[in-house]
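Here is the structure we will look at, set down as structure tokens.
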Amino acid sequence: MKKHLFWLVVAVVAGVLAHTAFALFVPGWWFSRGVGKLAEAHGRNNFFILSPQEQAKLFPGLPRFGVTGVCVFDVGKGNVTFAADLPDGFWITTIYTDKAEAIYSVNNRQSGANSFTVSLSRAPGIIEQIIKATEKEAIADIDSGWTVTSPEPRGLAVVWYPTPEIGLRSIAAEQVARSRCTAAPAPQS
Amino acid sequence: MRRFIWATLYVTSGVAVGCFSAFALIQSAGVETVTGDAPWQSRAGAMAGSDAFYVRAHYLLEGRLPPAPSQLGEATAETDDEGRPLTSACSYVITSTGPLPRWWSVGIVQGAAASAELQTTADSDTAVREADGSVTITAATAPQQGNWLKAPERRRFTLLYTALAETARPLAPPFSVERGVCS
Numbered sequence: 242m243k244k245h246l247f248w249l250v251v252a253v254v255a256g257v258l259a260h261t262a263f264a265l266f267v268p269g270w271w272f273s274r275g276v277g278k279l280a281e282a283h284g285r286n287n288f289f290i291l292s293p294q295e296q297a298k299l300f301p302g303l304p305r306f307g308v309t310g311v312c313v314f315d316v317g318k319g320n321v322t323f324a325a326d327l328p329d330g331f332w333i334t335t336i337y338t339d340k341a342e343a344i345y346s347v348n349n350r351q352s353g354a355n356s357f358t359v360s361l362s363r364a365p366g367i368i369e370q371i372i373k374a375t376e377k378e379a380i381a382d383i384d385s386g387w388t389v390t391s392p393e394p395r396g397l398a399v400v401w402y403p404t405p406e407i408g409l410r411s412i413a414a415e416q417v418a419r420s421r422c423t424a425a426p427a428p429q430s
Numbered sequence: 080m081r082r083f084i085w086a087t088l089y090v091t092s093g094v095a096v097g098c099f100s101a102f103a104l105i106q107s108a109g110v111e112t113v114t115g116d117a118p119w120q121s122r123a124g125a126m127a128g129s130d131a132f133y134v135r136a137h138y139l140l141e142g143r144l145p146p147a148p149s150q151l152g153e154a155t156a157e158t159d160d161e162g163r164p165l166t167s168a169c170s171y172v173i174t175s176t177g178p179l180p181r182w183w184s185v186g187i188v189q190g191a192a193a194s195a196e197l198q199t200t201a202d203s204d205t206a207v208r209e210a211d212g213s214v215t216i217t218a219a220t221a222p223q224q225g226n227w228l229k230a231p232e233r234r235r236f237t238l239l240y241t242a243l244a245e246t247a248r249p250l251a252p253p254f255s256v257e258r259g260v261c262s
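From first to last, the protein sequence lines stand for chains R and G. Residue numbering for the first sequence follows my numbering, beginning at 242 and increasing consecutively. Residue numbering for the second sequence follows my numbering, beginning at 80 and increasing consecutively.
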């Protein structure tokens with residue numbers, strides 16, 4: 242009886258560990274496979290327009306003839322600048338981490354401008370925050386646009402621009418594709 | 080030898096139950112019915128709550144991104160108004176029951192998962208309206224007069240409603256789903 246009780250406790254512990262590991266790692270790993278394929282096809286830190294098939298996979302609720310542009314960014318090795326240059330009309334720009342957490346979202350009304358710059362950087366870790374807090378005079382970075390810090394090194398900047406008919410998709414796609422996503426040059430040592 | 084078999088059995092069972100419970104929680108966490116008598120359900124309300132981790136995991140497992148919070152909202156229906164599963168053996172009449180938002184879209188996805196390949200969508204830009212401003216859409220495998228959503232050949236499908244949202248609260252889709260003719 243005691244032996245069974247011991248192994249029952251082991252089974253419960255194994256179950257809790259398996260539950261935690263599954264929830265923490267499997268969904269992220271599954272999604273990152275799809276993002277990895279996108280990055281392979283179009284490159285990292287590069288803004289591109291999704292094909293209707295790619296869009297249907299990533300955003301199945303959006304009509305196919307709308308335009309969706311994506312930048313798969315990686316701020317693990319340095320900042321990335323997303324310079325949006327969008328046509329007039331309704332649009333939504335959202336920045337997600339690769340864990341599907343939306344960390345920034347703006348539409349044309351909230352932005353007030355169709356051209357804007359978002360500087361993406363990695364959010365400092367706890368140790369980094371403590372070190373920075375102890376520095377006497379930290380000089381703030383000067384930035385002309387908005388700054389978004391991501392808790393994850395990788396993510397996606399997504400622009401969605403709906404068009405009322407399929408004939409307008411290619412015209413709108415050309416205009417949305419003027420946006421740029423560029424990795425900042427590595428800091429000089 | 081016998082002890083080894085017991086140990087393996089216990090640990091394997093524990094791991095299997097752990098994985099299954101995680102998967103079940105990811106699929107069910109944060110799901111709430113958004114309209115009293117209609118079949119629409121949404122996870123939007125849980126995106127900012129304690130279930131947010133599991134809700135995001137749900138989207139990740141489906142290989143897609145959640146709608147932009149406070150910008151777009153979505154709801155899904157896997158049954159008609161009577162609670163019967165949506166199948167390709169029947170046609171369905173989707174009728175607007177109230178004022179429609181500035182931008183909305185109703186699409187069909189195959190199977191019970193919203194990640195399956197999108198069939199067709201009807202939206203505020205393309206749907207033909209009735210004289211009183213209401214919208215009627217027919218979901219069926221064969222072409223229909225007026226607004227038609229092509230239902231997939233597979234037996235089960237899901238309706239996916241997406242619309243502009245001003246808040247993070249779950250959207251209440253202003254559409255009823257009535258079963259039409261069945262083959």
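Note that the Cβ used here is the ideal one computed from N, Cα and C, for glycine as well.
Query: Is the distance from the Cβ of Thr-158 of chain G to the Cβ of Pro-118 of chain G below 7 Å?; Result: yes
Query: Since Gly-124 of chain G and Glu-111 of chain G are thought to touch, with beta carbons under 8 Å apart, how far apart are those beta carbons, to the nearest angstrom?; Result: 6 Å
Query: On the CB-based measure, 16 or more other CB atoms within 10 Å of its CB, does Phe-254 of chain G come out buried or exposed?; Result: buried
Query: Quick one: what's got a C-beta closer than 6 Å to Ala-251 of chain G's C-beta in the same chain, skipping five residues either side?; Result: Val-113 and Thr-114
Query: Tell me whether Ser-356 of chain R is buried or exposed, calling it buried when 16 or more other Cβ atoms sit within 10 Å of its Cβ.; Result: exposed
Query: Do Ile-187 of chain G and His-137 of chain G have their C-beta atoms within less than 7 Å of each other?; Result: no
Query: Identify, in the order they occur along the chain, each residue of the same chain with its Cβ nearer than 7 Å to the Cβ of Asp-329 of chain R, setting aside the five sequence neighbours on each side.; Result: Asn-355
Query: Please list, in chain order, all residues of the same chain as Ala-324 of chain R whose beta carbon is under 7 Å from its beta carbon, the five residues on each side excluded.; Result: Thr-358, Ser-420 and Arg-421
Query: Is the beta carbon of Thr-261 of chain R within less than 6 Å of some heavy atom of the ligand GTP?; Result: Looking for the ligand GTP in the displayed structure turns up nothing, as the structure carries no ligands at all.
Query: Return the bridge partner residues of Phe-357 of chain R from the DSSP annotation.; Result: R:Ala-325
Query: For Thr-335 of chain R versus Ala-219 of chain G, is the C-beta distance shorter than 7 Å?; Result: no
Query: On the three-state DSSP scale, how would you describe Asn-268 of chain G?; Result: Because chain G is modelled from 80 through 262, residue 268 of chain G falls outside the range shown and cannot be assessed.
Query: With a cut-off of 7 Å, does the C-beta of Ser-129 of chain G fall near any C-beta of chain R?; Result: no
Query: Just how far apart, CA to CA, sit Glu-342 of chain R and Phe-266 of chain R?; Result: 15 Å
Query: In the structure shown, what three-state DSSP assignment does Val-134 of chain G receive?; Result: helix
Query: Figure out for me which residue from R:Ile-333, R:Trp-248, R:Ala-364 and R:Val-250 has the closest Cα to the Cα of Arg-350 of chain R.; Result: R:Ile-333
Query: DSSP on Asn-286 of chain R, reduced to helix/strand/coil?; Result: coil
Query: Rounded to whole angstroms, what is the Cα-Cα separation between Phe-247 of chain R and Ala-262 of chain R?; Result: 23 Å
Query: If you pair each beta-carbon of the region 309 to 319 of chain R with each one of the region 397 to 410 of chain R, do three or more pairs fall below 8 Å?; Result: yes
Query: Using a threshold of 7 Å, state whether the C-beta atoms of Thr-166 of chain G and Arg-122 of chain G are closer than that.; Result: no
Query: Between the C-alpha atoms of Glu-257 of chain G and Thr-217 of chain G, what's the straight-line distance to the nearest angstrom?; Result: 10 Å
Query: So, is Ser-262 of chain G buried or exposed, given that buried needs 16 or more other C-beta atoms within 10 angstroms?; Result: exposed
Query: Is there at least one Cβ from chain G nearer than 7 Å to Tyr-337 of chain R's Cβ?; Result: yes
Query: Measuring only the C-alpha atoms, how far is Tyr-89 of chain G from Pro-268 of chain R?; Result: 26 Å
Query: Which term fits His-260 of chain R, buried or exposed, when burial requires 16 or more other beta carbons within 10 angstroms of its beta carbon?; Result: buried
Query: Here's a check: name, in chain order, each residue in its chain whose Cβ is nearer than 6 Å to the Cβ of Ser-213 of chain G, leaving out the five neighbours to either side.; Result: Ser-175
Query: For the alpha helix (DSSP H) holding Glu-257 of chain G, just list the boundary residues, first then last.; Result: Note, Glu-257 of chain G: premise wrong, no alpha helix (DSSP H); beta strand (DSSP E) at 254 to 261.
Query: According to DSSP, what are the bridge partners of Gln-189 of chain G?; Result: G:Phe-236
Query: Quick one: give me the first and last residue of the beta strand (DSSP E) that Gly-310 of chain R is part of.; Result: 308 to 315
Query: Can you check which of these residues, R:Phe-331, R:Trp-270, R:Ser-360 and R:Ala-418, is closest to Trp-387 of chain R by C-alpha distance?; Result: R:Ser-360
Query: Are the C-beta of Ser-92 of chain G and some C-beta of chain R separated by less than 7 Å?; Result: yes
Query: Only counting runs of 3 or more residues, tell me where the beta strand (DSSP E) segments fall wholly within the region 149 to 220 of chain G, in order along the chain.; Result: 151 to 156, 169 to 175, 183 to 189, 197 to 202 and 215 to 219
Query: Which residues of chain R have a Cβ atom closer than 7 Å to the Cβ of Ile-216 of chain G, listed in chain order?; Result: Those within 7 Å of Ile-216 of chain G in chain R number zero; the least Cβ separation is about 13 Å.
Query: Would you mind stating whether Thr-390 of chain R and Ala-414 of chain R have Cβ atoms separated by less than 7 Å?; Result: no
Query: Less than 7 Å separating the beta-carbons of Val-347 of chain R and Val-313 of chain R?; Result: no
Query: In angstroms with no decimal places, state the Cα-to-Cα distance between Asp-160 of chain G and Ala-252 of chain R.; Result: 43 Å
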